[in-house]
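J.: Pasting a structure below so you can have a look.
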Amino acid sequence: MFIRSERLFLRPAWPEDRDEILARIGHEAVVRNLARVPWPYTAEDAREFVEKPQDHRLPNFLITAPGAGGARIIGACGLSLLDGEVNLGYWITPDEQGRGYATEAARALLSLARALGHGRVVAHHHVDNAASGRVLEKVGFRRTGRVAERFSRGRGYASPSREHEVVFESPADCGGDDSMNRRAA
């Protein structure tokens with residue numbers, strides 16, 4: 003499965019991506035804001051990520067930025083199950099942050115989630131990562147009011163994490179961006 007947005011191409015990870023993934027995510031500042039990624043991130047972790055089977059209802063993508071020299075990996079995003087709910091997660095390598103890539107990728111992934119028939123998607127961010135909260139709000143997530151201690155493998159401890167959600171009012175019609183018929187629940 004592939005997604006094309008205005009500036010980005012989201013695609014599955016391939017074995018030849020391992021070294022580039024390692025270089026892009028291998029920053030403590032990135033990994034500390036993720037729940038399931040260990041620090042330090044190793045070549046073995048990159049291999050496991052690349053070899054992880056894809057679930058067509060919960061896909062994971064590398065975020066790439068096409069250019070004259072080819073498409074460079076700038077991050078990753080995906081859907082997963084967290085506490086029985088569909089969860090959206092993402093990361094962007096530090097050199098590419100602040101350019102709207104996380105917002106664009108998250109928006110594209112939400113459109114896919116809606117097309118796949120998911121009625122509700124949640125996302126979480128550590129309260130000390132306000133930038134991630136702003137990305138979620140830009141793409142239509144609303145705070146649920148829940149803040150819970152969530153363990154981060156990158157931090158090695160649990161820290162307060164704010165929950166956000168998007169609830170789709172109607173099923174996807176694949177007819178363009180109508181703000182995805184989202185509402186806060």
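The numbering used here runs 2 ahead of the 1-based position in the sequence shown. C-beta: ideal position from N, C-alpha, C; glycine also. Computed from a predicted structure; not experimentally measured.
(1) Comparing C-alpha positions only, which one of Phe143, Ala133 and Arg148 sits nearest to valine 123?
(2) Inspect the CB distances between the stretch 32-39 and the stretch 146-156 and report whether three or more fall short of 8 Å.
(3) Using a beta-carbon distance below 8 Å, is serine 7 in contact with chain C?
(4) Under the rule that 16 or more other beta-carbon atoms within 10 Å means buried, what is alanine 187, buried or exposed?
(5) Following the continuous alpha helix (DSSP H) through valine 137, name the residue where it begins and the one where it ends.
(6) Checking 8 Å against the spacing of the C-beta atoms, do isoleucine 76 and threonine 95 come in under that value?
(7) What's the C-alpha gap between cysteine 79 and glutamate 151?
(8) Determine the contact status of valine 231 and tryptophan 93, defining contact as a CB-CB distance below 8 Å.
(9) Please determine, among His126, Ala67, Ala73 and Gly91, the residue with the shortest C-alpha to C-alpha distance to arginine 101.
(10) Less than 8 Å separating the beta-carbons of leucine 12 and isoleucine 65?
(11) Starting from the Cα of aspartate 57, find the closest Cα among Asp47, Val88 and Ala73 and give me that residue.
(12) Using the Cα positions of glutamate 171 and proline 162, report the straight-line distance between them to the nearest angstrom.
(13) Taking arginine 74 as the reference, which of Glu165, Glu18 and Ala133 has the closest Cα?
(14) Please classify phenylalanine 63 as buried or exposed, where buried requires at least 16 other C-beta atoms within 10 Å of its C-beta.
T.: In this structure, then:
(1) Walking along the sequence shown from the start, residue 123 turns up at place 121. Per the Cα distances, Phe143.
(2) yes
(3) In summary, chain C is missing from the structure at hand, where a single protein chain is found.
(4) Against the sequence shown, residue 187 aligns to sequence position 185. With a pLDDT of 48 at alanine 187, under the threshold of 50, the predicted position of this residue should be treated as unreliable, and no value is reported.
(5) Here residue 137 corresponds to residue number 135 of the sequence shown, with the count starting at 1. Residues 132-140.
(6) As a position in the sequence shown, residue 76 is number 74, starting the count at 1. As a position in the sequence shown, residue 95 is number 93, starting the count at 1. Yes, these two residues count as a Cβ contact at 8 Å.
(7) Position 77 of the sequence shown, counted from the first residue, corresponds to residue 79. Position 149 of the sequence shown, counted from the first residue, corresponds to residue 151. Going from the Cα of cysteine 79 to the Cα of glutamate 151 covers about 22 Å.
(8) This structure cannot speak to residue 231, because the chain is shown only from 3 to 187.
(9) As a first step, residue 101 must be located in the sequence shown, where it is residue number 99. Ranking the options by Cα distance to arginine 101, first place goes to Ala67.
(10) Within the sequence shown, residue 12 is the residue found at index 10, counting from 1. Within the sequence shown, residue 65 is the residue found at index 63, counting from 1. It is a contact, given that the beta carbons lie within the stated cut-off.
(11) Against the sequence shown, residue 57 aligns to sequence position 55. Ranking the options by Cα distance to aspartate 57, first place goes to Val88.
(12) Looking up residue 171 in the sequence shown gives position 169. Looking up residue 162 in the sequence shown gives position 160. If I take the Cα positions, the gap works out to 29 Å.
(13) Residue numbering aside, residue 74 sits at position 72 when the sequence shown is read from its first letter. Ranking Glu165, Glu18 and Ala133 by Cα distance to arginine 74 puts Glu18 first.
(14) For the purposes of this step, residue 63 is taken as the residue at position 61 of the sequence shown. By the 10 Å Cβ count, phenylalanine 63 comes out buried.
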